[in-house]
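The numbers in UniProt numbering rise by one with no breaks, and the one at position 866 of the sequence shown is 866.
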Amino acid sequence: IMELNDRNLQTLTEYLQKTLSPDPAVRRPAEKFLESVEGNQNYPILLLTVLEKSQDEVIRVCAAVTFKNYIKRNWRVVEDELNKISDPDRTAIKANIVNLMLSSPEQIQKQLSDAISIIGREDFPQKWPDLLSEMVTRFQSGDFHVINGILRTAHSLFKRYRHEFKSNELWSEIKLVLDTFAQPLTELFKATIDLCQTHATDINALKVLFSSLALISKLFYSLNFQDLPEFFEDNMETWMTNFHNLLTLDNKLLQTDDEEEAGLLELLKSQICDNAALYAQKYDEEFQPYLPRFVTAIWNLLVTTGQEVKYDLLVSNAIQFLASVCERPHYKHLFEDQNVLTSICEKVIVPNMEFRSADEEAFEDNSEEYIIRDLEGSDIDTRRRAACDLVRGLCKFFEGPVTGIFSGYVNSMLTEYAKNPGVNWKHKDAAIYLVTSLASKAQTQKHGITQANELVNLSEFFVNHILVDLKSPNVNEFPVLKADAIKYVMTFRSQLPKEQLLEAVPLLVAHLQAESIVQHTYAAHALERLFTMRGANNATLITPTEMAPFTEQLLNNLFKSLAIPGSSENEYIMKAIMRSFSLLQEAIVPYIPTLIGQLTHKLLLVSKNPSKPHFNHYLFESLCLSIRITCKASPDTVDSFEEALFPVFTEILQNDVQEFVPYVFQVMSLLLEIHTSSIPSSYMALFPHLLQPALWERTGNIPPLVRLLQAYLEKGATTIASTAADKIPGLLGVFQKLIASKANDHQGFYLLNSIVEHMSPDSITQYRKQIFILLFQRLQSSKTTKFVKSFLVFINLYCVKYGAIALQEIFDGIQPKMFGMVVEKIIIPEVQKVSGQVEKKICAVGITKILTEYTLQALIGLFELPEDDSIPDDEHFIDIEDTPGYQTAFSQLAFAGKKEHDPIGDAVGNPKILLAQSLHKLSTACPGRVPSMLSTSLPAEALQFLQGYLQAATVQLV
1 IMELNDRNLQ
11 TLTEYLQKTL
21 SPDPAVRRPA
31 EKFLESVEGN
41 QNYPILLLTV
51 LEKSQDEVIR
61 VCAAVTFKNY
71 IKRNWRVVED
81 ELNKISDPDR
91 TAIKANIVNL
101 MLSSPEQIQK
111 QLSDAISIIG
121 REDFPQKWPD
131 LLSEMVTRFQ
141 SGDFHVINGI
151 LRTAHSLFKR
161 YRHEFKSNEL
171 WSEIKLVLDT
181 FAQPLTELFK
191 ATIDLCQTHA
201 TDINALKVLF
211 SSLALISKLF
221 YSLNFQDLPE
231 FFEDNMETWM
241 TNFHNLLTLD
251 NKLLQTDDEE
261 EAGLLELLKS
271 QICDNAALYA
281 QKYDEEFQPY
291 LPRFVTAIWN
301 LLVTTGQEVK
311 YDLLVSNAIQ
321 FLASVCERPH
331 YKHLFEDQNV
341 LTSICEKVIV
351 PNMEFRSADE
361 EAFEDNSEEY
371 IIRDLEGSDI
381 DTRRRAACDL
391 VRGLCKFFEG
401 PVTGIFSGYV
411 NSMLTEYAKN
421 PGVNWKHKDA
431 AIYLVTSLAS
441 KAQTQKHGIT
451 QANELVNLSE
461 FFVNHILVDL
471 KSPNVNEFPV
481 LKADAIKYVM
491 TFRSQLPKEQ
501 LLEAVPLLVA
511 HLQAESIVQH
521 TYAAHALERL
531 FTMRGANNAT
541 LITPTEMAPF
551 TEQLLNNLFK
561 SLAIPGSSEN
571 EYIMKAIMRS
581 FSLLQEAIVP
591 YIPTLIGQLT
601 HKLLLVSKNP
611 SKPHFNHYLF
621 ESLCLSIRIT
631 CKASPDTVDS
641 FEEALFPVFT
651 EILQNDVQEF
661 VPYVFQVMSL
671 LLEIHTSSIP
681 SSYMALFPHL
691 LQPALWERTG
701 NIPPLVRLLQ
711 AYLEKGATTI
721 ASTAADKIPG
731 LLGVFQKLIA
741 SKANDHQGFY
751 LLNSIVEHMS
761 PDSITQYRKQ
771 IFILLFQRLQ
781 SSKTTKFVKS
791 FLVFINLYCV
801 KYGAIALQEI
811 FDGIQPKMFG
821 MVVEKIIIPE
831 VQKVSGQVEK
841 KICAVGITKI
851 LTEYTLQALI
861 GLFELPEDDS
871 IPDDEHFIDI
881 EDTPGYQTAF
891 SQLAFAGKKE
901 HDPIGDAVGN
911 PKILLAQSLH
921 KLSTACPGRV
931 PSMLSTSLPA
941 EALQFLQGYL
951 QAATVQLV
């Protein structure tokens, strides 16, 4: 327990101060210290006290952020894991946080509001029943600083309703919220609108009131998203009339001079467009009376709003509203007139497809943001994306007329461009965008456009207008058009014929050299997507042979582009490097000696301050591929990889770079598994460190560490037994920790199976009984399906290794007649749940060894009956990947993949034959007994199967 006293408050303040230091030598130890004390009782209360009482504004904000992150990491209670927040602290936090949040300045209020929603996600409503009523009573206060604090918190608490899957639990929670919240929210909405009229000339009052209205509109969206609540249906008149009035409202005082930042009026209107679109899409019957006036208001809004960036969200939401209306059969009649279509195309779509000077600035100076918006489909709030969606929506019913109207536009834009390309290049940009939006009907991340408009000839457009830009000798001229051309190839890769794609490949390789970040990023991304395409027989569409003439240039340009300013950690380039290695396979071997140096140098640099998780992931994947491909051709090169990588790995492990440690373990496993002779001393030096409990505290370390220890056991069991026998208890300690956790018990079994398989019997004799006792204790305390499956594989593996008598002796040594009980209560009823080829084989061979009259039936069941994959209803597995908080979750490296290992190998080819031979042997030892025993104890069907096995093995029972 940390006492709530001045000295501790002072110490905490000093450490918080240090976490703000730009110097990592000061900052890192301070962060480590705070992490080390966060499990103490009163720690969060001390943090909140600093937040409330400190005189230093910066320290207060720092305490608020630290508190929010602490809650994010630790509030969720995960079964089998340490609960770092004591119950008294939890109670105290919930009792005080709402008040504290409401009395804090806005910057701190936002952090605490987030913390409340994180706590709410876990505890509301069951463990925090008075939260809502406490919030609703504050609406009466009349103080809008307080009211907005409550609205902000309610928004972060309820916004998950927008993307949660339907469930009874969710519906009952929403019902509870509606019963308590809908009426007061509606009253507050009406009161706030009245106050806007009262204070129509007071700019400061209006700012506060309009931010309340924006939050109220967001809450309306969240509460109406899952289904139309009865309350809102009954009060639709109030809400929709006021929404409509607000849409058409223009208050000069609320207009801002800022061209970039959306003002309160724009934010409110954007949300209202969203709300109207939600009703038009999901509740069109109920909304029908209000629809025409919303269409008119939103149309007027679109025609009168300027091109400035601050209106982007508003315009794109308004266009999205039209897009969602025009594809509903109900509203088709509104758009049928050719004049209406022409008017929409001319006044809404074409103007919003233009490449504005603001877009040009983003392209040049804020390329990362531009790429995310343009490439990854998260550009929902861009005008272009919305206009594109509207084109797609209109094409649903009016594909012919719309294509006709736009073909005219495209032709005139291209003609304008041709008159003076240097000046009119933006016309061509808009034309390409229009063609893309017209042609795209359906799209996936994996294949690009999968369904295209038959009326647009994509291949012809490629030859006439796209190739020209790709082939232009100066890669740095007109970068926007070049990026458009590259994106066109990428978007329509599934539509264009292979020969056109092959023609594009060397051109794309050349564009990797472009100075423009967007342009060379698009080139890398396009190549990466082309390399994943599949042709006949699931082989890659583009083959290593077809790539041979460009291989050297490709690898050179990819690595060179990482040196272009602004792209030193470009994840698209790194992913393209990984994909090129994967496609080219042994063709990269000659280049690896040079490239591995560049990759390790890059790894050393990024490990100083890992900030791009995707880049780092692909970097490790590329390292794994270099190792795999090279060592497949010549296994002895593994030493040179270790020489190159170990210095960097050592530094990462010594500095405890949390994000990279799991990756390092995976790459080390891969290297160690390649070794054919005994385990190198460099690995043995590290062995004791891998058993340190601190490493196993982090969930993300567990899978790769277990795999690494398995590699140690496979390659160096004898070395461990002879030179590190004192570490065996540590190894078993790891097993004991893992077996106690429902989330990680399977990892404990992986480790245990490797110990049994590879360690010599005498090196583990003294620990055997204890291992079994631990397993039985866990079986008694919490028997889950997953545990039972792993347990069965283990006891059968043990039996295969040491024989059935040894297994029986160890069971009966713990408790007399235990072996019989295990066979009867666990092996026979549960063995059909075992899944996986190797696991089934282990069980089959193990059970054959412990064959007595009453296990025969279970064995035939294992061979012949369908797998029993039923799991008891009350057993919901913890998702292994879902580690709470900010801990590095384990990211599996695809190219560090572990081959499935069969501990029995060729010793037993077909377990059914083994069973027949074993029975034959038994029957010759005691003639006459086995057939009569079988006929009395087995059903007819099982006897029939058995007969088949005996025939296959060409033996008979005597």
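All C-beta atoms in this analysis are idealised placements derived from N, C-alpha and C, irrespective of residue type, glycine included.
- Within a 10 Å sphere around the beta-carbon of G836 sit fewer than 16 other beta-carbons, which makes this residue exposed.
- From the listed residues E364, S440, D374 and N411, the smallest Cα separation to R392 is found for S440.
- Under the three-state reduction of DSSP, T676 is assigned to coil, being neither helix nor strand.
- In the structure shown, K347 adopts helical secondary structure according to DSSP, grouped into three states.
- Secondary structure note for Q500: its alpha helix (DSSP H) is the uninterrupted segment K498 to H511.
- For S440, the three-state secondary structure derived from DSSP is strand.
- Three or more beta-carbon pairs drawn from the segment 493–502 and the segment 458–472 are found closer than 8 Å, and the two stretches are therefore classed as touching.
- Apart from sequence neighbours up to five positions away, the residues of its chain that approach Q747 with a beta-carbon distance below 6 Å are I702, V706 and L738, ordered along the chain.
- Counting only runs of at least 3 residues, the segment 717–772 fully encloses no beta strand (DSSP E) element at all.
- Beta-carbon to beta-carbon, L554 and S580 are separated by about 6 Å, close enough to satisfy the 8 Å threshold.
- Note: T540 is bridge-paired with R534 in the DSSP secondary-structure output.
- Put simply, of D23, Q183 and I432 the residue whose alpha carbon is nearest the alpha carbon of S412 is I432.
- Restricted to the segment 661–705, the alpha helix (DSSP H) segments that are unbroken, complete and at least 4 residues in length are 661–674, 681–690 and 693–697, listed in chain order.
- For N235, the closest alpha carbon among the candidates P129, F189, L278 and N476 is that of F189.
- In the three-state reduction of the DSSP assignment, A514 falls in the coil class, being assigned neither a helical nor a strand state.
- Cβ neighbours of P729 within its own chain (closer than 8 Å, five residues either side excluded): Y767.
- Exclusion of the five residues before and after E164 leaves L170 as the residues of its chain whose Cβ lies within less than 7 Å of its Cβ.
- Between E308 and M353, the alpha-carbon positions lie close to 14 Å from each other.
- Separation of the CB atoms of G39 and M101 is rounded to 25 Å, and the pair is thereby denied contact status at 8 Å.
- Using a Cβ distance threshold of 8 Å, S270 and L223 do not count as a contacting pair.
- Between the C-alpha atoms of L530 and V505 there is a straight-line separation of about 9 Å.
- For A63, the secondary structure class from DSSP, reduced to helix, strand or coil, is helix.
- In chain order, L562 place their CB closer than 7 Å to the CB of S568, counting only its own chain and leaving out the 5 sequence neighbours on each side.
- Excluding five sequence positions before and after L185, the CB atoms of its chain that fall closer than 7 Å to its own CB belong to I216 and L219, given in chain order.
- Pairing V664 with L623 gives a Cβ-Cβ distance that is not under 8 Å.
- In this structure, the straight-line span from the alpha carbon of E81 to that of S741 is close to 8 Å.
- Membership of Q183 in the alpha helix (DSSP H) is indicated by the continuous run N168 to T198.
- In the structure shown, A844 falls within a helical segment according to DSSP collapsed to helix, strand and coil.
- Distance from the Cα of E697 is smallest, within the candidate group N753, T19, T676 and V661, for V661.
- In the displayed model, A452 falls within a strand according to three-state DSSP.
- For S117 and D130, the gap between their C-alpha atoms comes out near 14 Å.
- In this structure, L46 lies near N8, with their beta-carbon atoms less than 8 Å apart.
- Cβ-Cβ distances below 6 Å link S669 to R707, L708 and A711 in the same chain, with the five nearest sequence neighbours on each side left out; the list follows chain order.
- M2: not part of any alpha helix (DSSP H); DSSP gives it neither H nor E.
- In this model, E336 and Q892 are separated by some 53 Å (Cα to Cα).
- By the beta-carbon neighbour count (other beta carbons within 10 angstroms, threshold 16), A483 is buried.
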